[in-house]
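This report concerns only the one structure given below.
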Amino acid sequence: MLLMEPVSILTAALLALLGYFIVQTIYRLYFHPLSKFPGPKIAAAGRFYEFYFDIVKGGMYIWEIQRMHEQYGPIVRVNHRELHIKDPDYYAEVYSSRKQEKDFHAVSAYGMTQSMITTLDHDHHRFRRGLLNSFFSKRAVASLEPMVLEKVNRAAERIEEAFNQNELVPFDKVFAAVTADIISKYSYGRSVDYLEKKDYQNDFRDFGNVASNLSHIFTFLPGMMGVVKVIPEAWLQAIQPQAVGFFSMRNLVRDQSLAMLKETHRPGYKSPEGPDRNIFHALCDPAVPEKEKEIERLTEEGLGVLAAGTETTARTLTVGTYYLYHDKSVLHKLRQELKEVMPKPDSSITWAQLEKLPYLNGVINESLRLSHTLVMRLPRIAKDQSLAYGEYVIPPGTPVSMISYFIHLDPKIFPDPQKFDPERWIRATEKGERLSKYNVSFTKGNRICLGMNLAYIELYHMFATMARRFDMDLHNTTFDNIRVDREFGPGLPKGKNVIEGYAKVTKVLTE
Numbered sequence: 096m097l098l099m100e101p102v103s104i105l106t107a108a109l110l111a112l113l114g115y116f117i118v119q120t121i122y123r124l125y126f127h128p129l130s131k132f133p134g135p136k137i138a139a140a141g142r143f144y145e146f147y148f149d150i151v152k153g154g155m156y157i158w159e160i161q162r163m164h165e166q167y168g169p170i171v172r173v174n175h176r177e178l179h180i181k182d183p184d185y186y187a188e189v190y191s192s193r194k195q196e197k198d199f200h201a202v203s204a205y206g207m208t209q210s211m212i213t214t215l216d217h218d219h220h221r222f223r224r225g226l227l228n229s230f231f232s233k234r235a236v237a238s239l240e241p242m243v244l245e246k247v248n249r250a251a252e253r254i255e256e257a258f259n260q261n262e263l264v265p266f267d268k269v270f271a272a273v274t275a276d277i278i279s280k281y282s283y284g285r286s287v288d289y290l291e292k293k294d295y296q297n298d299f300r301d302f303g304n305v306a307s308n309l310s311h312i313f314t315f316l317p318g319m320m321g322v323v324k325v326i327p328e329a330w331l332q333a334i335q336p337q338a339v340g341f342f343s344m345r346n347l348v349r350d351q352s353l354a355m356l357k358e359t360h361r362p363g364y365k366s367p368e369g370p371d372r373n374i375f376h377a378l379c380d381p382a383v384p385e386k387e388k389e390i391e392r393l394t395e396e397g398l399g400v401l402a403a404g405t406e407t408t409a410r411t412l413t414v415g416t417y418y419l420y421h422d423k424s425v426l427h428k429l430r431q432e433l434k435e436v437m438p439k440p441d442s443s444i445t446w447a448q449l450e451k452l453p454y455l456n457g458v459i460n461e462s463l464r465l466s467h468t469l470v471m472r473l474p475r476i477a478k479d480q481s482l483a484y485g486e487y488v489i490p491p492g493t494p495v496s497m498i499s500y501f502i503h504l505d506p507k508i509f510p511d512p513q514k515f516d517p518e519r520w521i522r523a524t525e526k527g528e529r530l531s532k533y534n535v536s537f538t539k540g541n542r543i544c545l546g547m548n549l550a551y552i553e554l555y556h557m558f559a560t561m562a563r564r565f566d567m568d569l570h571n572t573t574f575d576n577i578r579v580d581r582e583f584g585p586g587l588p589k590g591k592n593v594i595e596g597y598a599k600v601t602k603v604l605t606e
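Add 95 to the 1-based position in the sequence shown for my numbering, that's all there is to it.
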């Protein structure tokens with residue numbers, strides 16, 4: 096009898112667990128506040144369905160959500176607690192300036208819980224964002240123009256060197272080096288100088304790729320980040336070679352944070368003003384509460400700023416460059432427009448002048464629309480307010496998400512949506528249509544991308560430089576290199592964890 100007791104206890108525990116699961120499932124399907132919303136019952140029962148598509152099949156839930164909308168309509172229940180809406184005109188309602196929070200499960204994908212972009216609470220996020228807002232205002236970014244031009248011109252020199260040496264240009268790596276050099280210089284006053292490395296080795300980019308690969312695992316198992324942090328570096332590098340960049344970048348940011356903390360705690364310390372003041376000065380300022388200056392928080396904030404400031408803009412440049420050199424008629428039109436303000440390929444030009452060029456604006460908008468830098472669901476939670484969508488009333492506290500990919504490829508808004516057509520933006524302006532409201536690459540509302548202005552100055556100058564200085568032929572680079580096959584935060588091509596682009600320079604322009 097005594098020998099049977101452990102078996103009986105185990106059986107009772109399993110039956111209790113099964114009973115709990117059955118009761119929970121019945122509640123979610125028939126009594127939950129979201130039970131009346133459309134969608135497959137298997138998705139409403141829990142997160143197993145989502146787990147199957149994103150973990151087992153690898154980032155494929157985005158396509159199942161697309162199928163759900165085709166079957167059930169513009170609003171669907173994608174798991175037991177979250178709704179997804181596929182309606183471009185409702186985007187501003189979900190991503191508004193009202194008081195709202197982020198969803199814990201969604202921010203867990205980043206693997207960082209203490210950075211500004213993963214801060215759940217509205218007021219706490221507002222405080223953290225306030226520490227950095229002034230650095231990314233349009234005025235502040237405009238003051239960086241000489242430094243941005245220095246890096247852009249250095250990239251052009253490297254591309255010209257490839258021409259002289261009859262080498263291919265890995266333009267995705269060139270652009271990532273440009274953006275990394277700029278954001279590092281601005282963040283802590285010292286460029287990482289990836290543009291000077293022969294192979295453009297980029298720890299910032301490697302960090303982002305590792306984080307992206309793990310994003311779905313972190314979403315379902317948030318505690319895994321704690322495990323990753325204690326795994327010996329050599330072990331993780333053996334499993335994932337790009338982890339070398341992950342640890343290198345983490346250690347770099349951590350060391351910088353410790354050095355800045357030491358400096359700001361020095362007796363008589365005065366925070367610098369003007370161009371000598373960088374982002375780390377702001378984060379470590381004596382006026383900032385000590386709780387906000389814990390080393391783990393500073394490291395995560397620095398990692399978030401550096402990684403986000405590198406890959407997203409580089410990806411947009413890569414996609415835009417692919418289309419420019421894939422369809423030389425687009426390149427020709429852009430070049431003709433640029434010649435009006437840049438008579439010579441190396442003519443000096445300002446961001447303000449470039450912003451006035453309609454066709455260049457169209458090129459940038461199409462590059463943003465088709466780059467799919469972030470196609471993950473980004474749920475927002477209105478804790479104390481119901482939302483109305485058609486006949487449905489969405490209860491307070493419900494995570495509601497939308498996917499930018501569906502908006503940017505909506506044929507009702509963008510006819511022939513896969514076509515790179517800069518003139519669609521010119522036509523819309525001439526008709527008085529505000530097509531820009533459907534460009535949601537930076538999201539909208541009070542959580543709009545902090546680095547948007549920095550991204551724009553890089554896009555304007557880099558596209559102008561490429562189009563005005565170089566004739567190139569794409570090399571082993573097709574639409575498949577940029578086609579979205581699966582979602583791991585950004586949209587990834589089949590069999591790759593990053594988009595790539597190679598070209599052969601055929602001519603360096605002198606006129």
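The beta-carbon is built from N, C-alpha and C at its ideal position, and this holds for glycine as well.
Taking the straight line between their C-alpha atoms, what separation do you get for Glu-196 and Arg-472? A direct Cα-to-Cα measurement between Glu-196 and Arg-472 gives close to 14 Å.
Helix, strand or coil: which one does DSSP assign to Pro-585? It is coil, neither helix nor strand.
From the DSSP output, in three-state form, read off Ile-254 for me. In the three-state DSSP reduction, Ile-254 falls in the helix class (H, G or I).
Would Gln-351 be called buried (16 or more neighbouring beta carbons within 10 Å of its own) or exposed? Only buried fits Gln-351, as 16 or more other CB atoms lie within 10 angstroms of its CB.
Ser-496 (DSSP reduced to helix, strand or coil): Three-state result, Ser-496: strand.
Kindly identify the DSSP beta-bridge partner or partners of Phe-565. Paired residue(s): Val-603.
With 16 as the cutoff for other CB atoms within 10 Å, does Phe-302 come out buried or exposed? Phe-302 should be labelled buried.
Under 8 Å between C-beta atoms of Leu-465 and His-503: Yes; because the gap between Cβ atoms is below 8 Å, this pair is in contact.
Minimum C-alpha distance to Ile-476 - residue among Tyr-500, Leu-178, Arg-249: Residue Leu-178 holds the alpha-carbon nearest to the alpha-carbon of Ile-476 among Tyr-500, Leu-178, Arg-249.
Keeping to the same chain, check which residues put their C-beta closer than 7 Å to that of Leu-98; ignore five residues upstream and five downstream. Unreliable placement is indicated for Leu-98, whose pLDDT of 48 sits below 50; no coordinate value is reported for it.
Tell me the start and end of each unbroken alpha helix (DSSP H) in the segment 121-164 that is at least 4 residues and wholly inside, in chain order. 136-139, 143-146, all fully within the segment 121-164.
Would DSSP call Ile-223 helix, strand or coil? Note that residue 223 is Arg in the sequence shown, not Ile. In this structure, Arg-223 counts as helix in the three-state DSSP scheme.
In or out: Ser-536 buried (at least 16 other Cβ within 10 Å) or exposed? Burial call: buried.
Under the assumption that Ala-138 contacts Arg-176 (Cβ atoms under 8 Å), give the Cβ distance between them as a whole number of angstroms. With 8 Å as the limit, Ala-138 and Arg-176 do not qualify as a contact, their Cβ atoms being about 11 Å apart.
Assuming Pro-474 and Ala-201 are in contact, meaning their beta carbons sit under 8 Å apart, how far apart are those beta carbons, in whole angstroms? The pair is a contact, with the Cβ atoms about 5 Å apart (cut-off 8 Å).
For the candidate residues Glu-396, Pro-384, Tyr-364, whose alpha-carbon lies nearest to that of Phe-375? The shortest Cα separation from Phe-375 among Glu-396, Pro-384, Tyr-364 belongs to Glu-396.
So what's Pro-265 in DSSP terms, helix, strand or just coil? Here Pro-265 carries a strand assignment [DSSP, helix/strand/coil].
If you drop the 5 nearest sequence neighbours on each side, which residues of the same chain put their C-beta closer than 7 Å to that of Ile-254? If we look at Ile-254 and ignore the five residues flanking it on each side, its Cβ neighbours are Val-264, Val-269, Phe-565, Val-600.
Taking three-plus beta-carbon pairs below 8 Å as touching, is the segment 406-422 in contact with the segment 435-442? Judged by Cβ distances under 8 Å, the segment 406-422 makes no contact with the segment 435-442, as fewer than three pairs qualify.
Simplified DSSP assignment, three categories, for Tyr-205: Tyr-205 carries a helical assignment under DSSP once its states are collapsed to helix, strand and coil.
Alpha-carbon spacing of Met-96 relative to Tyr-122, whole angstroms: Note on Met-96: pLDDT 43, under 50, position unreliable in the model; no value is reported.
Could you have a look at Val-579 and say whether DSSP puts it in helix, strand or coil? Looking at Val-579 - three-state DSSP - the assignment turns out to be coil, as it is neither helix nor strand.
Three-state secondary structure (DSSP) of Arg-172: Residue state, collapsed to three classes: strand.
Taking the CB atoms as reference points, tell me whether Phe-313 and Ala-204 lie closer together than 8 Å. Yes, the Cβ-Cβ distance between Phe-313 and Ala-204 is below 8 Å.
Just the Cα atoms here: how many angstroms apart are Leu-455 and Thr-208? Rounded to the nearest angstrom, the two C-alpha atoms are 38 Å apart.
Would you check if there are 3 or more beta carbon pairs closer than 8 Å linking the segment 353-363 to the segment 237-249? No, the segment 353-363 is not in contact with the segment 237-249.
Considering just the uninterrupted stretch of the alpha helix (DSSP H) at Tyr-487, what are its terminal residues? Careful: Tyr-487 lies outside any alpha helix (DSSP H), inside the beta strand (DSSP E) at 487-489.
By Cβ distance, which residues of its chain are closer than 6 Å to Lys-181, with the 5 residues on each side in sequence left out? Answer for Lys-181: His-164, Pro-169, Phe-501, listed in chain order.
Find the nearest neighbour of Cys-544 within the set Pro-183, Tyr-167, Gly-399, Met-497, judged by alpha-carbon distance. From the listed residues Pro-183, Tyr-167, Gly-399, Met-497, the smallest Cα separation to Cys-544 is found for Gly-399.
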